[in-house]
Every structure is written in structure tokens, then in C-alpha cells.
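In this note's numbering, the protein residues as written are 8 to 415.
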């Protein structure tokens with residue numbers, strides 16, 4: 008089993024997150040058509056679509072934040088199976104909604120289930136992979152799962168939607184989780200609660216403390232993930248509509264919507280391998296925040312639609328590839344084993360609230376200006392703030408280590 012952990016653990020979890028992201032972005036693909044059938048097309052579209060897109064992030068943020076803490080003594084295999092069943096069933100049910108209220112309830116519950124699911128991946132990663140493997144393991148589990156979901160998702164879901172409509176789109180995406188992923192989780196995921204790497208013994212024996220969570224520097228990690236997530240969620244939620252607003256249609260719309268996520272697929276593994284080889288995770292992460300942030304803030308000076316998409320693609324691909332594999336490795340190596348699940352949940356939860364901010368800011372700015380550009384400039388500024396925060400985390404952590412060593 009140990010020799011095949013890259014396939015059985017990382018590979019299976021990567022597929023699970025791939026399905027999770029299909030169930031997130033299917034609404035973005037179908038939203039315009041749903042607005043006509045559910046009665047919020049026209050002037051109501053801007054505000055209503057913002058709520059419909061972000062209600063998932065609200066449920067996700069609340070339950071990711073608390074789910075990591077509440078499930079730290081629960082077998083993560085049982086947790087991921089149960090949550091996959093719940094959100095897949097709710098995705099199928101979305102195909103039968105007849106009102107905005109029903110749609111909001113379905114998306115909120117899907118967010119709750121995926122929010123509890125996400126921290127469990129870090130528990131598996133910390134238990135099965137060594138410190139020198141963490142960036143690559145997290146690249147497969149966290150980064151490539153969602154990047155494949157986003158890159159291939161628009162190319163897969165757009166033709167399905169065009170062929171069979173939005174109702175069948177939700178039946179199909181929810182059904183894959185129930186029929187394919189649940190049996191794969193049952194067969195391949197393994198969890199040994201007696202392993203010292205899991206921290207289960209520590210979690211059961213004592214209450215969680217700030218020291219278990221990595222001490223005061225953890226607050227810099229929380230802000231860093233919150234700020235960076237505004238770009239990740241902002242792009243994921245709005246990219247089909249951004250592309251359409253730049254007058255790309257049909258196949259061009261699907262291709263340009265997928266480009267930022269294909270950039271992730273190209274850059275992710277090389278940057279993860281570089282991080283594991285050099286150990287310069289903080290430097291690589293910080294550069295992946297400062298440079299994309301500066302590029303996005305230059306968007307108002309770019310007129311050509313192709314160049315606008317080039318900047319968004321490069322910024323998103325470089326930022327996500329530098330940040331996501333490394334931030335989870337930093338989290339997992341900065342906290343004690345008992346704190347991995349809880350901190351992963353807090354980080355992911357606050358990241359989801361970054362998505363709420365991005366959803367409302369980009370949506371409402373578009374509603375008032377008729378352009379997505381100013382919204383992405385705002386996201387670029389937050390990403391640069393995230394770069395400052397991760398550097399402060401590293402400085403604070405190093406200072407604490409030096410102070411502790413000196414006192415000993």
C-alpha cells in the first residue's frame with residue numbers, strides 16, 4: 008500500500024476534488040439559462056446571480072471552518088464518503104428546482120457538505136506523505152484535482168449543457184459522484200488511526216490549543232489564504248461571464264474560460280517539484296502573489312480582449328500554481344498533527360469567505376460599471392496583500408523558533 012500511495016490516496020482524492028469542482032462550476036455554465044426559467048433574467052440578474060453563486064461559499068466557509076475542528080476525532084474516510092453522498096444528491100436535486108429559493112437551499116447544502124469534506128484531504132496528506140513529499144502530494148490532491156475540474160470542466164460541461172439543457176447537466180454531474188466516486192472512496196482510501204502521523208491519539212487525549220494550531224503566526228496564514236482566495240473564487244465564479252463580456256462566444260467562450268485553469272495544469276507540477284527540491288516554499292509562494300497581483304492591477308490599461316484574457320490567464324495560472332500546493336504544505340508542516348485538520352478547515356473556511364467577498368465585489372462592480380475590470384483590479388490588490396502576509400508569517404515563525412531555542 009505504501010508503494011502505491013500516490014495512486015490510491017493522492018490519485019483517488021484528486022478525482023474526488025475533480026468531481027467536487029464540477030459540482031461547483033456547473034451553475035456558472037447554466038446560470039444564464041436558469042435565470043430565464045426561474046424568473047431572474049433582466050435587471051434582477053446582477054444581484055440575484057451574485058447571491059446564487061456565493062451562497063455556496065457561505066455554507067462552505069462556515070462548515071470548512073468548523074468542520075475541521077468537529078471532525079478531528081472522526082475517521083476521515085467515513086467523512087468524505089458521507090459528504091460526497093450528500094452534495095451529489097443535492098446536485099441531482101438542483102435539476103428539479105422551480106424557484107430561486109429552492110436553488111439557494113440546494114447550493115447552500117452543497118457548500119456545507121464540500122466544506123466539511125475539504126479539510127479531510129489535509130489529514131490524509133499529512134498521514135501518508137513525508138515533509139519532502141508534501142508539495143507534490145498537495146499538488147496532486149488539492150491543486151490538480153481542482154485545476155482539472157476547472158480546466159476540463161468548462162470544456163466538458165458546456166457541450167453537455169448545449170446538448171441537453173441545464174436540468175440534465177445537474178443530473179449528470181451529481182450522478183457521477185454517487186455512482187463513480189463513492190465506490191472508489193470505499194475501495195481505495197485507507198486510514199490507520201493508530202499511525203503516529205495522523206495525530207489521532209493526541210487529538211483524543213487533549214483539548215486543542217493555540218500551540219497545536221501553530222501559535223500566533225497562524226493568523227497570518229488565515230489572512231493569506233483569505234486574500235488569495237478572492238482571486239481563485241472570483242475567477243472560478245465569474246470567468247464564463249467575463250469571457251462572454253469580451254465578446255467571445257461558442258467554442259471560443261469555452262476555450263477562453265478554460266485557459267486560466269490549463270495554465271495551472273502546465274505550471275503546477277514543476278513549481279511543486281521546485282519547492283520540494285529547494286525548500287523555498289515561502290519565497291516561491293510570495294512571488295506567486297506579488298507578480299500576478301501587479302499584472303491584474305494593470306488591466307485597466309489593456310484594451311484588446313485577447314490581451315486582457317492573456318493577463319487573467321497568466322496571473323491566475325502562476326498565482327494558483329505557486330500558492331496552492333505550497334500553502335497546504337506550509338500549513339501541514341507548521342502545526343502539530345492534532346491541529347492539521349482544524350487549521351486546514353479554518354484556512355479553507357476563510358478562503359471561502361474570500362470567495363463571498365469576490366463574488367459580491369466583482370458582481371456588484373459589474374452591475375454598477377458594466378465591466379469586470381475594476382473587480383479584478385480589486386482582487387489583484389488583495390493578492391499582493393496576501394504576499395505581504397505570508398512573508399510576515401515566515402518572519403514571525405522564525406523569530407519564535409529563535410526565541411524558543413535561546414530560552415532553552
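Idealized CB from N, CA, C, for every residue including glycine.
Inset, instruction - Find out if the Cβ-Cβ distance for the pair residue 152, residue 91 is shorter than 7 angstroms. - result: As a working note, residue 152 is residue 145 in the chain shown. As a working note, residue 91 is residue 84 in the chain shown. For residue 152 and residue 91, no; Cβs fall outside 7 angstroms.
Inset, instruction - Output yes or no for whether 7 angstroms exceeds the beta carbon distance between residue 111 and residue 62. - result: Reading the chain shown from its first residue, position 104 is the one you call residue 111. Reading the chain shown from its first residue, position 55 is the one you call residue 62. Yes, the Cβ-Cβ distance between residue 111 and residue 62 is below 7 angstroms.
Legend entry - Candidates 340, 335 and 301, of which the one nearest residue 322 by Cα: In the chain shown, residue 322 corresponds to position 315, counting from 1. Nearest option by C-alpha distance: 301.
Inset, instruction - With a threshold of 16 other CB atoms inside 10 Å of the CB of residue 80, please say whether the residue is buried or exposed. - result: Walking along the chain shown from the start, residue 80 turns up at place 73. Counting Cβ neighbours within 10 Å, residue 80 comes out exposed, since fewer than 16 surround it.
Inset, instruction - Kindly list the residues whose CB is nearer than 6 angstroms to the CB of residue 52, restricted to its own chain and excluding five residues on each side of it in sequence; keep chain order. - result: Counting from 1 along the chain shown, the entry for residue 52 is found at position 45. 42.
Inset, instruction - Look at residue 181 and residue 365 and say whether their C-beta atoms are less than 7 angstroms apart. - result: Along the chain shown, one-based indexing puts residue 181 at 174. Along the chain shown, one-based indexing puts residue 365 at 358. Contact: no.
Inset, instruction - Kindly confirm or deny that the segment 115-128 and the segment 46-60 touch, where touching means at least three C-beta pairs closer than 8 angstroms. - result: Result no; under three Cβ-Cβ pairs closer than 8 angstroms.
Inset, instruction - Decide if residue 83 is buried, meaning its Cβ has at least 16 other Cβ atoms within 10 Å, or exposed. - result: The sequence position of residue 83 within the chain shown is 76, counting from 1. With at least 16 other beta carbons inside 10 angstroms of its own, residue 83 counts as buried.
Inset, instruction - Under 6 angstroms Cβ to Cβ from residue 97, same chain only, skipping five residues before and after it: list those, please. - result: Taking the chain shown and counting its residues from 1, the one referred to as residue 97 is at position 90. Here the set comprises 113, 116 and 117.
Legend entry - Start-to-end residues for the alpha helix (DSSP H) that takes in residue 188: As a first step, residue 188 is located in the chain shown; it is residue number 181 there, counting from the start. First-last for residue 188: undefined, no H or E at that position.
Inset, instruction - From the DSSP output, in three-state form, read off residue 77 for me. - result: Within the chain shown, the letter at position 70 stands for residue 77. Three-state result, residue 77: helix.
Inset, instruction - Would you give the residue range spanned by the alpha helix (DSSP H) that residue 226 belongs to? - result: Here residue 226 corresponds to residue number 219 of the chain shown, with the count starting at 1. Where residue 226 is concerned, the enclosing alpha helix (DSSP H) stretches over 225-252.
Legend entry - Outcome for residue 406 when other beta-carbon atoms lying within 10 angstroms are tallied against a minimum of 16: Walking along the chain shown from the start, residue 406 turns up at place 399. Exposed, because fewer than 16 other Cβ atoms sit within 10 Å of the Cβ of residue 406.
Inset, instruction - Could you say which of 177, 235, 286 and 16 lies nearest to residue 331 if we only look at CA atoms? - result: Residue mapping note: residue 331 aligns to position 324 of the chain shown, counting from 1. Answer by Cα proximity: 235.
Inset, instruction - Would you kindly report the start and end of the unbroken alpha helix (DSSP H) that includes residue 121? - result: Here residue 121 refers to the residue found at position 114 of the chain shown. Counting along the chain, the unbroken alpha helix (DSSP H) around residue 121 starts and ends at 107-135.
Legend entry - Beta carbon of residue 261 nearer than 7 angstroms to that of residue 165: Here residue 261 corresponds to residue number 254 of the chain shown, with the count starting at 1. Here residue 165 corresponds to residue number 158 of the chain shown, with the count starting at 1. Their beta carbons are under 7 angstroms apart, which means residue 261 touches residue 165 by this criterion.
Inset, instruction - Look up residue 33 in the DSSP assignment and say whether it is helix, strand or coil. - result: As a first step, residue 33 is located in the chain shown; it is residue number 26 there, counting from the start. Three-state result, residue 33: helix.
Inset, instruction - Buried or exposed for residue 14, please, with buried defined as at least 16 other CB atoms from any protein chain shown within 10 angstroms of its CB. - result: As a working note, residue 14 is residue 7 in the chain shown. Residue 14 should be labelled exposed.
Legend entry - residue 331: first and last residue of the uninterrupted alpha helix (DSSP H) it sits in: Here residue 331 corresponds to residue number 324 of the chain shown, with the count starting at 1. Looking at the DSSP string, the run of the alpha helix (DSSP H) that includes residue 331 is 312-341.
Legend entry - Secondary structure, alpha helix (DSSP H): runs of 4+ residues fully inside the segment 139-164: 141-145
Inset, instruction - Thinking residue 56 and residue 38 are a contact (beta carbons under 8 angstroms), I'd like their distance in whole angstroms, please. - result: By one-based count along the chain shown, residue 56 stands at place 49. By one-based count along the chain shown, residue 38 stands at place 31. The Cβ separation is near 6 angstroms, so the contact holds.
Inset, instruction - Round the Cβ separation of residue 67 and residue 345 to the nearest angstrom and send it over; I've been treating them as touching at under 8 angstroms. - result: Residue 67 sits at position 60 when you count from the first residue of the chain shown. Residue 345 sits at position 338 when you count from the first residue of the chain shown. The Cβ separation is near 24 angstroms, so there is no contact.
Legend entry - Distance between residue 376 and residue 189 (C-alpha atoms, nearest Å): Position 182 of the chain shown holds residue 189. Position 369 of the chain shown holds residue 376. So the two alpha carbons sit approximately 44 angstroms from each other.
Inset, instruction - Could you work out which residue in 162, 123, 400 and 33 is closest to residue 223 when comparing CA atoms only? - result: Residue 223 sits at position 216 when you count from the first residue of the chain shown. Per the Cα distances, 400.
Inset, instruction - Just tell me which of 272, 88, 396 and 167 has its CA closest to the CA of residue 294. - result: For the purposes of this step, residue 294 is taken as the residue at position 287 of the chain shown. Relative to residue 294, the option among 272, 88, 396 and 167 whose CA is nearest is 396.
Legend entry - Local Cβ density within 10 Å of residue 16, reported as buried at 16 or more and exposed below that: Locating residue 16 in the chain shown gives position 9, counting from the first residue. Burial call: buried.
Inset, instruction - Return the chain-ordered list of same chain residues with a C-beta closer than 7 angstroms to the C-beta of residue 26, the five sequence neighbours on each side being excluded. - result: If you number the chain shown from 1, residue 26 lands on position 19. Correct list, in chain order: 183, 184 and 188.
Inset, instruction - Below 7 angstroms CB to CB, which residues in the same chain sit around residue 274 once its five sequence neighbours on both sides are set aside? - result: One-based indexing of the chain shown puts residue 274 at position 267. 324, 325 and 328, listed in sequence order.
Legend entry - Selected residue, minimal CA-CA separation from residue 229, among 283, 338, 124 and 265: Here residue 229 refers to the residue found at position 222 when the chain shown is read from its first residue. When only C-alpha atoms are compared, the closest one is 338.
Legend entry - Rounded distance between the beta-carbons of residue 356 and residue 168, thought under 8 angstroms: The residue you call residue 168 lines up with position 161 of the chain shown. The residue you call residue 356 lines up with position 349 of the chain shown. Residue 168 to residue 356, Cβ: 30 angstroms. No contact.
Inset, instruction - Could you check what DSSP says for residue 82 in three-state terms: helix, strand or coil? - result: Counted from its first residue, the chain shown places residue 82 at position 75. Coil at residue 82, not helix or strand.
Legend entry - Contacts around residue 122, its chain only, beta-carbon distance under 6 angstroms, and the 5 residues preceding and following it disregarded: To locate residue 122, count along the chain shown from 1; it is residue 115. Closer than 6 angstroms at the Cβ level, and outside the excluded window around residue 122, lie 67, 70, 71 and 74.
Legend entry - Nearest-angstrom Cβ-Cβ length linking residue 296 and residue 393, presumed shorter than 8 angstroms: In the chain shown, residue 296 corresponds to position 289, counting from 1. In the chain shown, residue 393 corresponds to position 386, counting from 1. Contact holds; Cβ gap of about 5 angstroms.
Inset, instruction - Helix, strand or coil for residue 210, going by three-state DSSP, please let me know. - result: Within the chain shown, numbered from 1, the residue matching residue 210 stands at position 203. Note that residue 210 scores a pLDDT of 45, beneath 50, so its modelled location is shaky and nothing firm can be said.
Legend entry - Cβ neighbour criterion (16 or more within 10 Å) applied to residue 413: Position 406 of the chain shown, counted from the first residue, corresponds to residue 413. Only weak support exists for where residue 413 lies, its pLDDT of 47 falling under 50; the value from the coordinates is given anyway. Classification of residue 413: exposed, given that the 10 Å Cβ count is below 16.
Inset, instruction - Decide if the segment 142-159 is in contact with the segment 270-286; the criterion is three or more beta carbon pairs, one per stretch, under 8 angstroms apart. - result: yes
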